[in-house]
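Participant: Attaching a single structure in structure tokens format; questions to follow.
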Amino acid sequence: MSVATRRPAALNALILAFLAIWVIAAAFPFAWTVWGSFKVEADFFSRQSWWMAIEGTRTQAQTGSAFTLAGYEGAWVQNEFWKAAINTLIVTVSVTLISLTIGTLGGYALARSGYRYAFWILIAALIFRAMPHITLVSGYMLPFFQLNIWGVLPTTIIVLVAINQPFTLWMLHSFFLSIPKDLDESAMVDGCTRFQAFRMVIIPVMWPGVITTGLFSFLLGYNDFAVTSMLLAQENQTMVPKIASFLGSIQNEGNVMFAVAAVVSATVPLFILVLFFQRQIVSGLTAGAVKG
Amino acid sequence: MPHRTFFVFIFPSILAMVLFITLPIVSVVVQSLFVQHEAVLITVENCDPFGCSEQTRIDTEAMAKLEAEQPLGQFAGFANYLNRNHLAVDEIGAIFADNQGLGDIVSQIFNLPFYKALSFTLVYCFLVTPLAMALGFAIALAVNTLPALLKGPTIFVSILPMIITPLVGSLILAWMFNPSGILGATLQSLTGDPTLSLRASPALTWIVLLVYGVWTNGPFSFVVFYAGLQTVPQDTVESAKIDGASRWEVIRHVIIPHLAPLATFVALVQLMDNFRVFEPIVGFSAEANATSLSWLVFNDLVGQDAQLFGSAAATSVITIVGVLILLAPVLRRTWREFNQKAV
Amino acid sequence: MKFTKTFAAGAVSLAALLAGTAAFADCGIEGAGSVRILSNDFEALRIVNDVALSCATADVTVTANATAEHKNIQGPALTVNPAEYTVAVVANNSIVPLLNDDLIRPLDDLVAKYGASLQPNQLIKIDGKVMAIAFMGNGQHMFYRKDILEKAGVAVPTSTEEVLAAAQAIKDAGLMEYPLAASNKPGWDLAAEFVNLYLGTGDEFFAPGSAELAIDNDNGRKVLETMRAMTTFMNPDYLTYDANELNKLWDAGNVAIMNQWGSLAGAATDPATANAEVAANTGFAAAPTIGGGTIPGAALWWDGFTIAKNISDEDAAASFQAMVKGISPETIAANPTAATWLVAGFEPGPTAVGVIGNAKGGARAYPMQPYMGLLHTALSAELADFIAGKEDADQALADVKAAYDAAAKEGGFLK
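Protein chains in written order, with the numbering used here: chain X, 4 to 295; chain H, -1 to 341; chain D, 29 to 443.
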């Protein structure tokens, strides 16, 4: 009784062709990058012909082999990219955990309150989200220097949590709306406090939503450039500003291959993360957004 | 929920947002209403390794006095909003008063930096958002028909464009579109035009940026819609089919209405993010042909030697107002839904 | 197998580098203090920072923050008291905001006490007071392909008119379709191209003693016309090229003549990575003159260090000594190819020919007027349409003036 069995062959072929094109479009740039990360810049970014990236003409000439680990070595060994990787781990994990902790509390309150101010808080959060981050960040600089909290990881973590809070609140608020009110209310009739009901009854059924929101928080922290590049001192830099510094500035040559190698290596943990949480992302989002 | 409990629960969130978003926004709004003190200039002799010359400099002592009296600078009202580098009210008036027809009006207005940026921002926002949503929806429908074995890997690959660091993702794609890059060269041989360059003409640059936008934004819609498809009630679908509905009619009358609330959510987030489009412009070196409001802010604050805080503040506030206007329909809808919710 | 070898080689060179730095450890800093350096992030500055870092003792702490965002960090970082950084490494353009806001201190006393190894021309004097110590020079100058010019039968051009003639000859001889290139990407690069050529005309950007813009004249139009004439010999993508991109085009052998940063000359001829055929035929010369003038059409740049105002005198003295050590003749002698140093004992190598040629030809320094940055911003956005061929020179100059005036009013420079 499966729907698929009754689909005409032509339609099936069409669907498969469409998906094949999409999969290529989605995966090819990345595959090309992984391949190119083992070449020298003159090949991967050749101004002569892209065929050089396939054959590795200049890589051969410079290193004596068609593949080189020079990009990885430059990023990880010479430029100590591992330090940036550790900083990124600290920042993203902290941002995700803190965002979720205060976000679930706030989102739950917003979903369970029927007063007008709850609506206005939601709207205000949405407007906050519209501010270009770079404007916010340039406003932080002077006060942070005055308080002597500039350049360190905790400041950046708190700022990223705050900047991501509107998105987190909106998303979690939607998830909580999809959980029937009777659930926590009956728990409270049974003698739980509001917090106990939240903690014991609501959170266990909320896992998919929390994990999905967490993933988006994680990605926001992980890919952030505006905040991390302006608010962190060199020794505390995370991966993305470090990658940007490999690209060079106006008067000075960068080493783009370090950046490419760094990006490829930075994507590996994301791969694992997405593979691991794939099911939760999908099931989680549904629950929230449908009612949102 | 009682007020007290509500505020206890939401307090940490509110505190973080007030401290790090509300206060900076207030200061940005205030800043946008001021211009700097009138500079006191003196001419002095400057010497550097290459010789000496007479140049002006700021008399810092005199300026310090002015700043001690009025730390914010001179109040200018909306001057920063209305000047030539923003809404250019006077210039627009002059253009309408003296022009050679509609074409001339349009080209003169697009010569003003703000309107040039606004036009690309709006086109990007209104084309990429629906196209990316349509693409995401189509992929979701297609992936849903796959056998279980293929579903996992396809979903994984489909999310890839969303998770590559934008800074480098757009750099590499820009490279592929270069005339000597793999896509640029392929297009040249496909069209038989060896001089075809996707980065030389404004129209082609815009198309490349739009394609990139759809490519990176599609996966977000896909994830949400695919999730939504899992909850479509199967009995409704079956009964529609028994009533003789075609495949298309099922999609049109059952699936799309079911996904409508989801679409609102996606549209809201995507419209907002696309209105702030910035990375692709820098990544594709497209500044000659396409700029955006966020790019203007960036150029005022960090792209150059002189930082124009008032100007950047004004552009930022205009961005917020623009987003509010864009979202007005969605906000009205949320308001209605909220009022339906019992206390 | 190959991979292990590369790794081993990397480790060895790293060890050698560390050993080299450690050798300089004695800086003779008297007393205690804290040295905190903020600088841009590139090779030559990293060398200077590393030597300064080696000055740390039990009483003196030294830290360095090398970041591409230094220009945006330095203002607020030096405004607070005590300042976050004691040393800001700057150039002609990035010193201006520090001067405007009175954030750096005069160095005359420190120079007298600890500056024995400095040369007089390293002292950047504003109104008679030493405000910065320069240690590197830079500037855009001509790169040319000896083999291509020879095949086309033209001499090395010295003026923009000759550059155009040479380009025509190269094109006519069928050697290259697009022999020229320039960093014409709208933004900082494009504005710098205009500033370079306009400096070559000998004219001033502003009316004397005021912030009134003065580029709307025949020289301004001449510069714009020249810039556009050059684009006819450039790849149609010329509006997307910045300085880094130019080097890659050069390396691919796609360009015969271009104006490029002296700091990138080393990379273009580096035997380890450059295209051997191109590198062997690459020549450097001063930037071409314009309109029959004699001044090379390129700004001269210096990189130097400044000492923050809002710090204690002990910290300032320690910082000054650490930086003097960082730019000492020994440091430079150990790294002669890293930059065009302005330090005693530096022997210019083949890659410094262009910058030295500019200086000898009487090229002018990038202006340090307080409002020059505003003009640079206005040029960066408003010249694009002209270079793309979408508007005429008069319109472009009018647009620049309108954009500059609006910004200068906001900055309090114009009423």
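C-beta: ideal position from N, C-alpha, C; glycine also. Model, not experiment: these values are computed from the prediction.
#1: Going by alpha carbons, who is nearest to residue 156(D) out of 135(D), 294(D), 390(D)?
#2: Among 20(H), 4(H), 294(H), 174(H), which has the Cα closest to the Cα of residue 317(H)?
#3: Nearest-angstrom Cα distance between residue 270(X) and residue 84(X)?
#4: Below 7 Å between beta carbons is the criterion; list the residues of the region 360 to 375 of chain D that meet it against any residue of chain H, in chain order.
#5: Any contact between the region 15 to 35 of chain X and the region 167 to 183 of chain H? By contact I mean 3 or more CB pairs, one from each, below 8 Å.
#6: Extract the residue ranges of the alpha helix (DSSP H) inside the region 150 to 217 of chain X, only unbroken runs of 4 or more that lie entirely within it.
#7: Counting Cβ pairs closer than 8 Å, one from the region 85 to 104 of chain D and one from the region 295 to 309 of chain D, do we hit at least three?
#8: Determine the burial state of residue 383(D): buried for a count of at least 16 other Cβ atoms within 10 Å of its Cβ, exposed for fewer.
#9: How is residue 49(D) classed by DSSP in three states: helix, strand or coil?
#10: Among the candidates 225(H), 296(H), 312(H), whose CA atom is the shortest distance from the CA of residue 77(H)?
#11: Any beta carbon of chain H sitting closer than 8 Å to that of residue 287(D)?
#12: Could you name each continuous beta strand (DSSP E) segment of 3 residues or more that falls completely within the region 338 to 399 of chain D, going from the start of the chain to the end?
#13: For a contact meaning CB atoms closer than 7 Å, what does residue -1(H) contact in chain X?
#14: Starting from residue 312(D), follow its DSSP beta bridges and name the residues at the other end.
#15: Touching or not, the region 145 to 155 of chain D and the region 179 to 192 of chain D, by the rule of three or more beta carbon pairs under 8 Å?
#16: From this set, 147(H), 198(H), 186(H), which residue's C-alpha is nearest residue 284(H)'s C-alpha?
#17: Identify the residues that DSSP records as bridge partners of residue 301(H): which are they?
#18: If you scan the region 163 to 215 of chain H from start to end, which runs of the alpha helix (DSSP H) of 4 or more residues do you find wholly inside it?
#19: Does the separation of the CB atoms of residue 203(D) and residue 174(D) fall below 8 Å?
#20: I want to see whether chain H comes within less than 8 Å of residue 75(X), judged by CB atoms only; does it?
#21: Is there a Cβ from chain D that is less than 8 Å from the Cβ of residue 78(X)?
#22: From the DSSP output, in three-state form, read off residue 182(D) for me.
#23: In the DSSP assignment, find the unbroken alpha helix (DSSP H) run with residue 19(X) in it and report its ends.
#24: Alpha carbon to alpha carbon, how far is residue 160(D) from residue 381(D)? Give it in angstroms, no decimals.
#25: Can you say whether residue 79(D) is buried or exposed, counting buried as having 16 or more other CB atoms within 10 angstroms of its CB?
#26: Would residue 392(D) be called buried (16 or more neighbouring beta carbons within 10 Å of its own) or exposed?
#27: Is there a Cβ from chain X that is less than 8 Å from the Cβ of residue 81(D)?
#28: Quick one: residues in its chain with C-beta nearer than 8 Å to the C-beta of residue 305(H), no 5 flanking neighbours on either side, listed in chain order?
#29: Using a Cβ-Cβ cut-off of 8 Å, state whether residue 56(H) counts as contacting chain D.
#30: Which runs of the alpha helix (DSSP H), 4 residues or longer, sit entirely within the region 244 to 269 of chain D?
#31: Indicate whether at least one CB of chain X lies closer than 8 Å to the CB of residue 3(H).
#32: Name the chain D residues whose beta carbon is nearer than 7 Å to that of residue 35(H)?
#33: Identify the contact partners of residue 43(H) in chain D, using a Cβ-Cβ distance below 9 Å as the criterion.
#34: Counting C-beta neighbours from all protein chains within 10 Å, is the total for residue 157(H) 16 or more, i.e. buried, or is it exposed?
#35: State the start and end residues of the unbroken alpha helix (DSSP H) segment that holds residue 20(H).
#36: Only counting the same chain, and skipping five residues up and downstream in sequence, which positions put a Cβ closer than 8 Å to that of residue 60(H)?
Facilitator: Working from what's here:
#1: Per the Cα distances, 135(D).
#2: Of the candidates 20(H), 4(H), 294(H), 174(H), the one whose C-alpha sits nearest the C-alpha of residue 317(H) is 294(H).
#3: Approximately 14 Å between the Cα atoms of the pair.
#4: Residues of the region 360 to 375 of chain D with a C-beta less than 7 Å from any C-beta of chain H: 370, listed in chain order.
#5: Yes: at least three Cβ pairs fall under 8 Å.
#6: Those alpha helix (DSSP H) runs which fall completely within the region 150 to 217 of chain X and span 4+ residues are 156 to 180, 184 to 192.
#7: No contact exists between the region 85 to 104 of chain D and the region 295 to 309 of chain D.
#8: When all chains shown are included, residue 383(D) counts as buried.
#9: Per-residue confidence for residue 49(D) stands at a pLDDT of 43, beneath the threshold of 50, marking its modelled position as unreliable; no derived number is given.
#10: Of the candidates 225(H), 296(H), 312(H), 312(H) places its Cα closest to the Cα of residue 77(H).
#11: Not closer than 8 Å to any Cβ of chain H, the Cβ of residue 287(D) fails to qualify, so no.
#12: Runs of the beta strand (DSSP E) spanning 3 or more residues and lying entirely within the region 338 to 399 of chain D do not occur at all.
#13: Within chain X, the residues near residue -1(H) are 112, 115, 116.
#14: The bridge partners DSSP lists for residue 312(D) are 171(D).
#15: Not touching, per the Cβ criterion.
#16: It is 198(H).
#17: BP columns for residue 301(H) are empty, so no partner.
#18: Counting only runs that start and end inside the region 163 to 215 of chain H, the alpha helix (DSSP H) elements of at least 4 residues fall at 164 to 175, 180 to 189.
#19: No, they are not a contact pair.
#20: No - not a single Cβ of chain H is within 8 Å of the one on residue 75(X).
#21: So, not an interface residue.
#22: Residue 182(D) sits in coil when the DSSP states are folded into three classes, being neither helix nor strand.
#23: Boundaries of the alpha helix (DSSP H) around residue 19(X): 12 to 39.
#24: Taking the straight line joining both Cα atoms gives about 25 Å.
#25: Buried.
#26: Buried.
#27: At a cut-off of 8 Å between C-beta atoms, residue 81(D) does not count as an interface residue with respect to chain X.
#28: Closer than 8 Å at the Cβ level, and outside the excluded window around residue 305(H), lie 298, 299.
#29: Yes - at least one Cβ of chain D is within 8 Å of the one on residue 56(H).
#30: The qualifying runs are 246 to 259.
#31: Judged by the 8 Å Cβ criterion, residue 3(H) is in contact with chain X.
#32: Per Cβ cutoff of 7 Å: 440.
#33: Residues of chain D passing the Cβ test: 153, 154, 155, 156.
#34: Burial call: buried.
#35: For residue 20(H), there is no enclosing alpha helix (DSSP H), as DSSP marks it with neither H nor E.
#36: Closer than 8 Å at Cβ, skipping near neighbours: 38.
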